[in-house]
Structure formats: C-alpha cells, structure tokens
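> Letter by letter, the sequence shown follows residues 1 to 299 in full-length UniProt numbering.
Cβ atoms here follow ideal geometry from the backbone N, Cα and C, with glycine treated the same way.
Please find one structure pasted underneath; my questions will follow.
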Amino acid sequence: MTLGLGFDSHFTASWLRQSLDLGLVIALTFLVLLAVRDRRTLWMVRGLIVLIVAAALGQQLQFQLLSFVLDKLVVGAALAMSVVFQSEFRRFLEQLGRGHLLPSFRQTRRTSETTDRSLDRIVEAVKELSQQRIGALMILETNEMMDERDFAVPGVKLDAELSKELIQTIFQTTTLLHDGAVFIRGDRVVSAGVILPLSDRTASRQLGTRHRAAMGITERTNNCVCIVVSEETGSISLAEAGMLDRPLTSSKLKELLETRFAPISERESVAPSLFSFGRKFSLRVIKLCRRLLQLPENK
C-alpha cells in the first residue's frame, strides 16, 4: 500500500514538473509573439507550439523515431522564424536587455484618431496628384503606434497639421523630400522623406520602387496602410499586409480607408485573442491539476 502511494506521488510530481516545463515554453513563445506584435507570426507561432506539444508527447510515450523527427522540426522551425523575423526578434532582445519588456505588452493606441476630415484631405490630395501624374507615397498609421525603427531611414521630422496643400507641396519634384514617403499619424504629418524597406516578393519586382516600398513596410508591420500614386500612369494603389489593391478610383480609395479606419472596437486585435487563448489554456491546466491533487475547486 505504501509502495502504491509512493508511486502515485512520484508519478504526480513527475507529471507536474513536465507540465510546468511545457507551460513555461508555451508562455515564453507567447511573450515573444506579444513583444514583436506582428500578425504574420500568429499562425507560425501556433504551428511551433503544436510541434513542441507533439514532441513532448512523443517523448512521454517513448516514440523514439517520431520524437527525434519532431525535435529536429522544432529546432528548424525556430531557426527559420529567427531568420524571417530577425528584426522583430532583435527588437525583443533589445527590450529585454534594457528592462523595457513589460511596457511592450500593453496595447499602445494612437495619440490621435484619423478623422473623416483627415481622410477627405488625404483623398483630395491623392486625386489631384493622380490627375497631375505626380508620384507619391504615404504611410497612414492605423490602430497602434508604429515603431519608426521599421523604416530604413526615419526621414525629416515635420509634426505639421495635415492639409491637402502640404501633401501636394511635399511631392512636387522640385522639393528635396519628394522621393521619400510621408508618414501620417491621425491629423498630423509626422515626417517626410521617409525611406522604406523594399519587398523581396517576385511579383513586386515588376513594380516601381514606390509600390515595392509600400508592400515592404506593410509586410513588416500591420500598423499601417500605404497609398501610392504612380508617376508614370497616375494610377492609385493601396497597400496593406504586403498586398496591393490597384488600380483604384479616388472614391474607391476613400471607401477602403473609411472601412480600414473604422472604430478600433469593431476590429479584433491579435493580443486580446492571444490573452483569451492563454487564459482558457491556463484555466484548463489548473482545473486538471486540482483534480489530480484532489483539491477543492473555487465556486
């Protein structure tokens, strides 16, 4: 009888230790995802978590060949993600080293909303630039504040009130800032002459530099959309999540922008969904532990 109780306690302790080990790995994975704040990584991280859980189960069940293959897949997937998202992980490590990790998990909302009047001014400027066939590239911040370190070159700070005339003036070919992008946050023009990373997609190489830059920055972060006016044809494009919607009329552009800049409460964000998933997972683990340890459940 004593031997049986000893075996049960040893098994329970071993199971709890392994569960804690697995839970810490999953928690660390979630922390990395929340720190980089990039929707593109969401499904990749979920896939990595599935591989980690499968590898742990394979070891637990002593499936040696399956466990070996899954272990190699986990390592390969982690290395692939570190290469593909090297800038995001570099930022995560910088925040960790500076002790600024916890503030990065808080949802940072825009300091100013993009109003309908601001959208009207942008669309009017784009319409006239398109008619005059003057090339333009505009970055519009969306639901969260962008990290300007995502830009290749931050550009020249302006912090000016948004107006149709200002946008048109910046993109005149006689100005020094016309080759870069204009960064717009709410009803303010934050900076001009911004240089953006170019997309490496094969399809993007058939497009001009402005279109590749718009695709590049929206591939890198989901906190913005980009408006492009072609210098050659005057056609209007809207880039989001690395994809171009083109050609657009000014009325269609306004419709898309109004939809994109709908109240934040109407759109689902990544972090709350992850917190919800994590909370459900943790509650199930706690409930299972209570049953194993025969502890009373809270009512």
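According to DSSP, is residue 17 helix, strand or coil?
Sequence index remark: in the sequence shown, residue 17 carries index 17 (1-based). Correct three-state label for residue 17: helix.
> Once the 5 residues before and after residue 139 are set aside, which same chain residues still bring their CB inside 6 Å of it?
In the sequence shown, residue 139 corresponds to position 139, counting from 1. Cβ neighbours of residue 139 beyond the five flanking positions: 181, 183, 224, 226.
> According to DSSP, is residue 188 part of a helix, a strand, or is it coil?
Within the sequence shown, numbered from 1, the residue matching residue 188 stands at position 188. Of the three classes helix, strand and coil, the one that applies to residue 188 here is strand, per DSSP.
> So, at 6 Å on beta carbons, what are the nonlocal neighbours of residue 106 in its own chain, with the 5 sequence-adjacent residues on each side left out?
Taking the first residue of the sequence shown as 1, we reach residue 106 at position 106. Interpretation of residue 106 is limited by its pLDDT of 49, a score under 50 that renders its predicted location unreliable; the figure taken from the coordinates is listed afterwards. Same-chain partners within the cutoff: there are none.
> Measuring straight from C-alpha to C-alpha, what distance separates residue 171 and residue 46?
As a position in the sequence shown, residue 171 is number 171, starting the count at 1. As a position in the sequence shown, residue 46 is number 46, starting the count at 1. So the alpha carbons of these two residues sit roughly 43 Å apart.
> Among the residues of its own chain, which have a CB less than 8 Å from the CB of residue 249, if the five just before and after it don't count?
In the sequence shown, counting from the first residue as 1, residue 249 sits at position 249. Once the five neighbours on either side are set aside, the close Cβ partners of residue 249 are 236.
> Which runs of the beta strand (DSSP E) at least 3 residues long sit entirely within the region 132 to 176? Give them in chain order.
136 to 141, 156 to 161, all fully within the region 132 to 176.
> I'd like the list of long-range same chain contacts for residue 118, defined as Cβ closer than 6 Å, with 5 residues on each side in sequence excluded.
Position 118 of the sequence shown, counting from 1, holds the residue named residue 118. The answer, listed in chain order, is 162, 187.
> Go ahead and pull the three-state DSSP assignment for residue 179.
The residue labelled residue 179 in the question sits at position 179 within the sequence shown. Residue 179: coil per DSSP, three-state reduction.
> Identify, in the order they occur along the chain, each residue of the same chain with its Cβ nearer than 7 Å to the Cβ of residue 129, setting aside the five sequence neighbours on each side.
As a working note, residue 129 is residue 129 in the sequence shown. The answer, listed in chain order, is 136, 168, 171, 229.
> Taking buried to mean at least 16 other C-beta atoms within 10 Å of its own C-beta, is residue 265 buried or exposed?
In the sequence shown, the residue the question calls residue 265 occupies position 265. Bear in mind that a pLDDT of 41 at residue 265, under 50, signals an unreliable position, so the number given afterwards is only what the model happens to contain. It counts as exposed.
> In the structure shown, what three-state DSSP assignment does residue 237 receive?
In the sequence shown, residue 237 corresponds to position 237, counting from 1. Of the three classes helix, strand and coil, the one that applies to residue 237 here is strand, per DSSP.
> Who pairs with residue 309 in a beta bridge, going by DSSP?
Residue numbering for the chain in the displayed model covers 1 to 299; residue 309 lies beyond these limits and cannot be assessed.
> Using a threshold of 9 Å, state whether the C-beta atoms of residue 218 and residue 241 are closer than that.
As a working mapping, residue 218 is identified with position 218 in the sequence shown. As a working mapping, residue 241 is identified with position 241 in the sequence shown. Yes, these two residues count as a Cβ contact at 9 Å.
> Can you say whether residue 72 is buried or exposed, counting buried as having 16 or more other CB atoms within 10 angstroms of its CB?
As a first step, residue 72 is located in the sequence shown; it is residue number 72 there, counting from the start. With fewer than 16 Cβ atoms within 10 Å of its Cβ, residue 72 is classed as exposed.
> Please report the straight-line C-alpha distance between residue 255 and residue 116, rounded to a whole angstrom.
Taking the sequence shown and counting its residues from 1, the one referred to as residue 255 is at position 255. Taking the sequence shown and counting its residues from 1, the one referred to as residue 116 is at position 116. Cα-Cα distance, rounded: 11 Å.
> Once the 5 residues before and after residue 185 are set aside, which same chain residues still bring their CB inside 6 Å of it?
The residue labelled residue 185 in the question sits at position 185 within the sequence shown. Result list for residue 185: 141, in chain order.
> What first and last residue would you give for the beta strand (DSSP E) that runs through residue 248?
Within the sequence shown, numbered from 1, the residue matching residue 248 stands at position 248. Per DSSP, residue 248 belongs to the beta strand (DSSP E) from 243 to 248.
> Taking the DSSP output, what are the residues bridged to residue 300?
Only positions 1 to 299 of the chain appear in this structure, which leaves residue 300 out of reach.
> Rounding to the nearest angstrom, what Cα-Cα distance links residue 48 and residue 24 in this structure?
The residue given as residue 48 occupies position 48 in the sequence shown. The residue given as residue 24 occupies position 24 in the sequence shown. When rounded, the distance between both Cα atoms is 14 Å.
> Could you work out which residue in 158, 18, 126, 234 is closest to residue 192 when comparing CA atoms only?
Translated into positions along the sequence shown, residue 192 becomes position 192. Ranking the options by Cα distance to residue 192, first place goes to 158.
> Can you name the start and end residues of the alpha helix (DSSP H) that residue 216 belongs to?
Position 216 of the sequence shown, counted from the start, is the residue given in the question as residue 216. 209 to 220 is the span of the alpha helix (DSSP H), which, as asked, contains residue 216.
> Distance check for residue 238 and residue 253, CA to CA, integer angstroms please.
As a working note, residue 253 is residue 253 in the sequence shown. As a working note, residue 238 is residue 238 in the sequence shown. C-alpha separation (whole angstroms): 7 Å.
> Name the residue from 245, 44, 234 whose alpha carbon lies nearest to the alpha carbon of residue 81.
Stepping through the sequence shown from its first residue, residue 81 is reached at position 81. Here the closest residue by C-alpha is 44.
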